[in-house]
Amino acid sequence: MKPAHFLASVILSLGTASSALAGCSDPAGARVDWRGCNLSRANLHKANLVYADLLDADLSGANLSEANLSEADLSRARLYEANLSWANLSDANLSEAYLSEAHLSDANLSNANLSWANLFEANLSGANLSDANLTNANLSDANLTNANLSGATWRDGRICGEGSIGECK
């Protein structure tokens with residue numbers, strides 16, 4: 007097969023695979039495609055959005071403000087520019103999640119797993135990150151103003167002391 011034909015076959019097969027992804031009104035599940043969807047106040051408690059390959063949930067630009075995502079598995083999910091303000095993400099698994107430029111102001115992330123998560127330029131102002139795992143997370147240019155980091159495991163593995171507000175002490 008010529009290289010051009012092979013590339014065209016790969017592109018066609020990728021296009022076919024993406025058409026199997028879910029839409030805004032579909033229930034939570036692996037590989038869900040909720041890009042730009044309004045899921046404000048949705049109850050996604052214990053939702054499992056993980057799949058065995060790299061095509062995990064895409065919630066980029068989605069509105070999940072005030073949603074209940076407690077104990078949800080969002081590992082490796084794409085949440086670029088998602089609005090998670092006031093969302094309940096307590097005990098959620100967000101390991102390796104892509105949360106760049108996400109809005110997490112006043113979100114409850116207590117005891118959440120954010121290890122290896124990309125939080126570049128994320129807004130975490132006023133968020134509750136107590137006892138969260140931030141090991142190896144990318145927090146470059148993230149806004150942590152008034153974020154509660156008490157008991158959180160910081161990027162370098164140290165435990166933030168009681169009263170760590172806005173920074174790990």
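Okay, so the sequence shown: first residue is 7 according to our numbering, each after it adds one. C-beta: ideal position from N, C-alpha, C; glycine also.
Using the Cβ count rule (16 or more neighbours within 10 Å means buried), how would you classify residue i?
i: E107; result: buried
i: G132; result: buried
i: D32; result: exposed
i: C30; result: exposed
Comparing the C-beta of residue i with each C-beta of chain B, is any distance below 8 Å?
i: R161; result: The question asks about chain B, but that chain is absent: this structure has only one protein chain.
So, for residue i: in the same chain, excluding its five sequence neighbours on each side, which residues have a beta-carbon less than 7 Å away from its beta-carbon?
i: C166; result: L155, S156, G157, A158, W160, C174 and K175
i: L50; result: A34, A73, N74, L75 and A78
i: A138; result: L115, S116, N117, A118, L120 and A158
i: V16; result: For V16, the predicted model reports a pLDDT of 33, less than 50, meaning its position is unreliable and no value from the coordinates is stated.
Only counting the same chain, and skipping five residues up and downstream in sequence, which positions put a Cβ closer than 8 Å to that of residue i?
i: A148; result: L125, F126, E127, A128, N129 and L130
i: G163; result: T141
i: S136; result: S116, N117, N154, L155, S156, G157 and A158
i: G169; result: S156 and K175
Within this structure, are the beta carbons of residue i and residue j separated by less than 8 Å?
i: L90; j: A113; result: yes
i: N99; j: L80; result: yes
i: A73; j: R41; result: no
i: K52; j: A78; result: yes
i: A143; j: G172; result: no
i: L178; j: N134; result: Absent from the model: residue 178. The displayed extent of the chain is 7 to 175, so no value can be given.
i: L45; j: L70; result: yes
i: A118; j: D97; result: yes
i: A93; j: A68; result: no
In chain order, what residues of the same chain have a beta carbon less than 6 Å from the beta carbon of residue i, not counting five sequence neighbours either side?
i: R82; result: D62 and E102
i: L145; result: L125
- What runs of the beta strand (DSSP E), each 3 residues or longer, lie entirely inside the stretch 67-153? None, since the stretch 67-153 contains no complete beta strand (DSSP E) of that length.
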